[in-house]
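Written out below as structure tokens is the structure these notes cover.
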Amino acid sequence: GLYKVGCIWPLEPQGLTEFATPCQELLFIEEKSAIIQPQAAEILYNQAQRPRIVGKYDEAGTQLFPSDVMLDAREIAAVIGQRLVALELADADLQACIAELSQDVAVNVGINPAAQRTPYFCSGCPHNTSTKVPEGSNALAGIGCHTMAMFNKGYTIFPTQMGGEGLNWCGMSHFTHTKHVFQNLGDGTYYHSGLLAIRGAIASGANITYKILFNDATAMTGGQPADGPISVADISYQVLHEGAKKCVVLTDTPEAYNSQSGLAEGVKVYHRDELDRIQRELREVPGCTVLIYEQTCAAEKRRRRKRGTFPDPAKRLFINDAVCEGCSDCSVQSTCVSIMPQETALGTRRRIDQSSCNKDYSCVKGFCPSFVTVLGAEPKKRRGKALDSSLFDDLPVPVQAPVGEGSYDIMIAGIGGTGVITVGALLGMAAHMEGRACSIYDMTGLSQKNGAVYSHLRIADSNDVVFAQRMGAGDADLLLGFDLIAALQGDAAPVYAQGHTQVIGNAQVSTTSGFQFDSTVRPDTGLLQRQITERVGEGSADFIDATGMALALLGNTIGSNLFLMGYAAQRGLIPVGIDAIVKAVELNGVAVEFNLNAFNLGRLLAHSPKQLMALLPQSKPSTELAALGLDELIDHRSDLLTQYQNSAYADRYVQLVHRVRSAEQSLYPEQDELTRAVAHGYAKLMAYKDEYEVARHYADPAFMQKLNADFEDGYKLRFNLAPPLLSRRDPQTGHLIKREFGGWLLGGFKVLAKFKGLRGGALDIFGYSAERRGERQLISDYEQLISQLLGELNEANYSSAVQLANLPEEIRGYGHVKEANIEKVKLQQQELLAQFKNPDSNDKIPVALVAS
Numbered sequence: 024g025l026y027k028v029g030c031i032w033p034l035e036p037q038g039l040t041e042f043a044t045p046c047q048e049l050l051f052i053e054e055k056s057a058i059i060q061p062q063a064a065e066i067l068y069n070q071a072q073r074p075r076i077v078g079k080y081d082e083a084g085t086q087l088f089p090s091d092v093m094l095d096a097r098e099i100a101a102v103i104g105q106r107l108v109a110l111e112l113a114d115a116d117l118q119a120c121i122a123e124l125s126q127d128v129a130v131n132v133g134i135n136p137a138a139q140r141t142p143y144f145c146s147g148c149p150h151n152t153s154t155k156v157p158e159g160s161n162a163l164a165g166i167g168c169h170t171m172a173m174f175n176k177g178y179t180i181f182p183t184q185m186g187g188e189g190l191n192w193c194g195m196s197h198f199t200h201t202k203h204v205f206q207n208l209g210d211g212t213y214y215h216s217g218l219l220a221i222r223g224a225i226a227s228g229a230n231i232t233y234k235i236l237f238n239d240a241t242a243m244t245g246g247q248p249a250d251g252p253i254s255v256a257d258i259s260y261q262v263l264h265e266g267a268k269k270c271v272v273l274t275d276t277p278e279a280y281n282s283q284s285g286l287a288e289g290v291k292v293y294h295r296d297e298l299d300r301i302q303r304e305l306r307e308v309p310g311c312t313v314l315i316y317e318q319t320c321a322a323e324k325r326r327r328r329k330r331g332t333f334p335d336p337a338k339r340l341f342i343n344d345a346v347c348e349g350c351s352d353c354s355v356q357s358t359c360v361s362i363m364p365q366e367t368a369l370g371t372r373r374r375i376d377q378s379s380c381n382k383d384y385s386c387v388k389g390f391c392p393s394f395v396t397v398l399g400a401e402p403k404k405r406r407g408k409a410l411d412s413s414l415f416d417d418l419p420v421p422v423q424a425p426v427g428e429g430s431y432d433i434m435i436a437g438i439g440g441t442g443v444i445t446v447g448a449l450l451g452m453a454a455h456m457e458g459r460a461c462s463i464y465d466m467t468g469l470s471q472k473n474g475a476v477y478s479h480l481r482i483a484d485s486n487d488v489v490f491a492q493r494m495g496a497g498d499a500d501l502l503l504g505f506d507l508i509a510a511l512q513g514d515a516a517p518v519y520a521q522g523h524t525q526v527i528g529n530a531q532v533s534t535t536s537g538f539q540f541d542s543t544v545r546p547d548t549g550l551l552q553r554q555i556t557e558r559v560g561e562g563s564a565d566f567i568d569a570t571g572m573a574l575a576l577l578g579n580t581i582g583s584n585l586f587l588m589g590y591a592a593q594r595g596l597i598p599v600g601i602d603a604i605v606k607a608v609e610l611n612g613v614a615v616e617f618n619l620n621a622f623n624l625g626r627l628l629a630h631s632p633k634q635l636m637a638l639l640p641q642s643k644p645s646t647e648l649a650a651l652g653l654d655e656l657i658d659h660r661s662d663l664l665t666q667y668q669n670s671a672y673a674d675r676y677v678q679l680v681h682r683v684r685s686a687e688q689s690l691y692p693e694q695d696e697l698t699r700a701v702a703h704g705y706a707k708l709m710a711y712k713d714e715y716e717v718a719r720h721y722a723d724p725a726f727m728q729k730l731n732a733d734f735e736d737g738y739k740l741r742f743n744l745a746p747p748l749l750s751r752r753d754p755q756t757g758h759l760i761k762r763e764f765g766g767w768l769l770g771g772f773k774v775l776a777k778f779k780g781l782r783g784g785a786l787d788i789f790g791y792s793a794e795r796r797g798e799r800q801l802i803s804d805y806e807q808l809i810s811q812l813l814g815e816l817n818e819a820n821y822s823s824a825v826q827l828a829n830l831p832e833e834i835r836g837y838g839h840v841k842e843a844n845i846e847k848v849k850l851q852q853q854e855l856l857a858q859f860k861n862p863d864s865n866d867k868i869p870v871a872l873v874a875s
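Sequential numbering of the sequence shown, starting at 24, is according to this note's numbering.
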């Protein structure tokens, strides 16, 4: 029997008792925590004939239903089936069905994608900076986007309920030696109930600093304005009158504050760059203090700029990958997801994704001379506006996918903030225009950017056959995988069915947020594609570089989703007509020409791949990413060192590498791992990037060619440098402070590059610095190390020798960043040398710590 409760509390006892009396067992199915089950147990406990009660757990204490996540229909059915079998109420046919169902659920639960698309802050989000704390401090999370600081920042602790922020610390503070914590709090939460928590903290006398982010939007739920009138000035008055000991304001626009700003008396305003210093001061103030961090939500900036209601500075940042060392300090400073890996012949460097950049500019704080400010810059439109509409005139109208008796189900999986929900809405509107029934169920998750987002789209001829908005296991007829990581997790994971589901996926996979904290975290695109193909079968999955084609032909990667949709439509995989889709795009009224071009280019690829390929810019063959043979590698690095200094310098390199090669071949004739390690490591140390080398890379015509490929004409350049002889030091950290130099410096670079012959000589004024002397010493030390390794090399310590030879690959960066990496490498070298000399020791350092 089925007993559906209308009022879950208090539970009406008479009806429940009458229903339960003849039953052997009651199975309670409840979302989240059990409310009905414990009441039923109390009501039925003293009955003479009472059934067994199971729900969240069975009679043996095994969990049946989770209390913390949404229940899935297939999982519910599987549990019901298992209980029927246990009660011997299932015949053979039903048992077979239950076994198959349970197996499907187990398979879905067991999916282990090659990477995880966890939500994280938008590009340029204020939280990227505001959630940081000084060394030695901890922060508490709360309700809001800043909760995501817990995911990768180890100093942020689990949140409380809304309105309870910091009160856990008020109790905890009496039982710990920790003197102070920071508490993150959003302006919307502050207005809702956060002020009550601040009152409680003030009353308790606990040492706590509330960091209130005033970002002008309820960002987590879509950018709505706060519920009531609130301003930075209002908050400053309110918290001080409640009894806060001190209140300060940090902002990215301190010039906007003056005597007319209405701040409470004594409240000072600082630039957000002062965050670390101000936080260090506040944590020493006894009692409750408040830091108001004012910066507009990055997602809202982007939306408002599209509408023309927010300033859009004609300023971009560009990374010269030839100067970049791949040290990740730009990611440390900004944790911005628009910083992407750039593969080069010398390893992984960094680039800025101009399509997703929200112009926060925090990344320029990375201690690296590779950052160039480009003023008056507009990203290169490439061929987006130049596409001739007649190009699509001959495209045949595709056959629409048949709906059938039920619904045609499309799962759309992608990254939040890239238009995933928009694609679902466009297809839904197109179906509506054709008079079809349609349901759309969107799962946006915690973050509108960087997290996995899904749209369940069901199209039918009648509403009568659309029983549920959410898809179940094996339901998808088509999966549009705008992001392959999202396509293998979350809502998309269970919907595949071999022989039934068709997949159209984007072959280019964006890095996850984890890359900002660990540069080795990279999605394995090939593995992701294989996992998807295994689920649907060979021939049922197409993977297209939609991102690369959209960037090349439209000038913006955001066009990749419409590109894939057009490809699927032309393949006859969408049950909606082309005319209806075009009308839906026009009705949407946003970037109509751009979106229709993207859609039609996808159609063109499906119809005539050669015709589309002819539109792509012809790139010169590149050997940067090719796997070089050993001789090619040695020649490549020798050529680079000749350009770096001279042929004699390159000969010094070649001689040592050949010595290593000879010794290795005498031990292992078929191996070259040690020689390769030295070929890479020795060249890296010898080509240290001093003033002459940085100047040479900027003077290289390739630098301007890269700029011209990314930006329209008419820009001006600024260089962000920290020359030791001209720069002052930060009083807090002791590090050199970068400053901007005008475009005139490009001419200076061209002159300075010609003086590379002075390097290391008596007239090398830069070579007398401690940093340059240390770099030259590293070369000598490495030569001595390799000589030592060759003298003692044998089969037992060969692996350790390779790891030692690879260590220079970990020495990246400039100035204090490089110095810190050198210290880490020296510690690793000591451990590896001990292991090399005593290879039988069990105390071994993991290879992952030392291999590049």
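Built from N, CA and C at the ideal position, the CB exists for glycine as well.
Starting from residue i and walking both ways along the beta strand (DSSP E), at which residues does that stretch end?
| i | result |
| --- | --- |
| proline 364 | 362-367 |
| leucine 502 | 501-504 |
| glutamate 48 | 48-50 |
| threonine 274 | 269-274 |
| alanine 57 | No beta strand (DSSP E) contains alanine 57, which DSSP labels as neither H nor E. |
| methionine 466 | 460-466 |
| phenylalanine 198 | Phenylalanine 198 -> no beta strand (DSSP E), and no H or E assigned at all. |
Within 10 angstroms of the Cβ of residue i, are there 16 or more other Cβ atoms? Answer buried if so, exposed if not.
| i | result |
| --- | --- |
| isoleucine 32 | Rather than isoleucine, the amino acid found at residue 32 in this sequence is tryptophan. It is exposed - the Cβ of tryptophan 32 has fewer than 16 other Cβ atoms within 10 Å. |
| glutamate 716 | buried |
| isoleucine 834 | buried |
| threonine 141 | buried |
| histidine 197 | exposed |
| proline 831 | buried |
| proline 644 | Residue placement at proline 644 cannot be trusted, given a pLDDT of 46 that sits under 50; the coordinates are not used to answer. |
| lysine 860 | exposed |
| tyrosine 121 | Note on residue identity: the sequence assigns isoleucine, not tyrosine, to residue 121. Under this definition isoleucine 121 is a buried residue. |
| threonine 698 | buried |
| asparagine 69 | exposed |
Let me make sure I understand the geometry here. Which of the options has the alpha-carbon closest to that of residue i?
| i | options | result |
| --- | --- | --- |
| threonine 556 | Leu610, Cys353, Tyr519 | Tyr519 |
| valine 605 | Leu450, Glu48, Phe789, Thr85 | Leu450 |
| leucine 656 | Ala530, Val701, Tyr721 | Val701 |
| leucine 801 | Lys849, Gly765, Trp767, Leu263 | Lys849 |
| tyrosine 464 | Asn473, Gly474, Asp484, Val443 | Val443 |
| arginine 626 | Val599, Asp654, Ala637, Ala592 | Ala592 |
| threonine 274 | Asp500, Phe237, Ala673, Ile809 | Phe237 |
| methionine 494 | Gln521, Asp484, Asn473, Met466 | Met466 |
| serine 823 | Gln811, Arg799, Leu856 | Leu856 |
Across which residues does DSSP place residue i in a beta bridge pair?
| i | result |
| --- | --- |
| arginine 75 | Glu48 |
| asparagine 743 | Glu763 |
| cysteine 311 | Ile231 |
| valine 395 | Phe341, Phe742 |
| valine 292 | Val272 |
| tyrosine 80 | Gln86 |
| alanine 475 | Ile438 |
Hey, quick one: how far does the alpha helix (DSSP H) through residue i stretch, first residue to last?
| i | result |
| --- | --- |
| valine 262 | 255-265 |
| lysine 773 | 768-776 |
| methionine 93 | Premise fails: methionine 93 is in no alpha helix (DSSP H) and is neither H nor E. |
Is there contact here, the stretch 607-627 with the stretch 409-425, by at least three beta-carbon pairs under 8 Å? yes
Measuring CB atoms only, is the stretch 472-484 touching the stretch 439-458, in the sense that at least three cross pairs come out at less than 8 Å? yes
At least three beta-carbon pairs within less than 8 Å, the stretch 411-430 to the stretch 374-381: no
So, does the stretch 199-208 touch the stretch 279-296, judging by three or more C-beta pairs under 8 Å? no
Specify whether the stretch 347-362 and the stretch 141-150 touch according to this definition: at least 3 beta carbon pairs, one from each stretch, less than 8 Å apart. yes
How do the stretch 345-353 and the stretch 708-727 stand: do at least 3 beta-carbon pairs fall below 8 Å, yes or no? yes
Examine the Cβ distances between the stretch 593-600 and the stretch 424-436 and report whether three or more of them are shorter than 8 Å. yes
I want to know whether the stretch 497-515 touches the stretch 538-554 - three or more CB-CB distances under 8 Å. yes
Does the stretch 209-227 touch the stretch 247-256, meaning 3 or more C-beta pairs lie closer than 8 Å? yes
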